[in-house]
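Working notes, beginning with the structure itself.
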Amino acid sequence: MKTVRDVTIALLRSLGMTRVFGNPGSTELPMFRDFPPDFDYVLGLQEATALAMADGHAQAARNAALVNLHSSAGVGHALGNLFTAYKNQAPLVVTAGQQARSILPYEPFL
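Numbering of the sequence shown is given in my numbering, commencing with residue 8 and proceeding in unit increments.
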């Protein structure tokens, strides 16, 4: 039986989106388990930088770019560059990790 991860990887591959930009945190670690060998991960030292690189790549490649950010804090860090990408009309797919639901009532540290 295929998992959501399997279907997502297949979809991204079919769309030519095999380069992932991001600044991962602990919630994104499962994504790196068995990371596909035909995918590239472009590490940004900060979320805003990762999003800016994805913006430039999407415009140059004329294809959507995938950005993976670390939870709500990562989205906050990248928000200014996300707005810039929007104004540039850059096609981006942005995902953000999140803590396990079971620990959310305890207000976990990022």
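Note that the Cβ used here is the ideal one computed from N, Cα and C, for glycine as well.
Give the DSSP-derived three-state secondary structure of residue i in the structure shown.
i	result
T91	helix
L52	coil
A72	strand
D62	helix
A97	coil
In terms of residues, what are the limits of the beta strand (DSSP E) holding residue i?
i	result
R26	R26 to G29
Which two residues bound the contiguous alpha helix (DSSP H) that contains residue i?
i	result
L19	V11 to S21
F39	L36 to F39
With the cut-off set at 8 Å, would you say residue i and residue j are in Cβ contact?
i	j	result
T15	F46	no
L73	E54	no
V49	V82	no
A80	A71	no
A57	G29	yes
T10	S78	no
So does residue i have its beta carbon nearer than 7 Å to some heavy atom of the ligand MN?
i	result
A71	Within the structure as shown, the ligand MN is missing, as the structure has no ligands at all.
Could you work out which residue in the options is closest to residue i when comparing CA atoms only?
i	options	result
S98	G29, D62, M8 and F90	In the sequence on display, residue 98 carries Pro and not Ser. Of the candidates G29, D62, M8 and F90, the one whose C-alpha sits nearest the C-alpha of P98 is D62.
Q105	V27, P31, Q66 and L52	P31
R69	N95, A57 and T34	N95
M38	P112, A103 and A92	A103
Worksheet item: If you pair each beta-carbon of the stretch 86-98 with each one of the stretch 9-23, do three or more pairs fall below 8 Å?
Response: no
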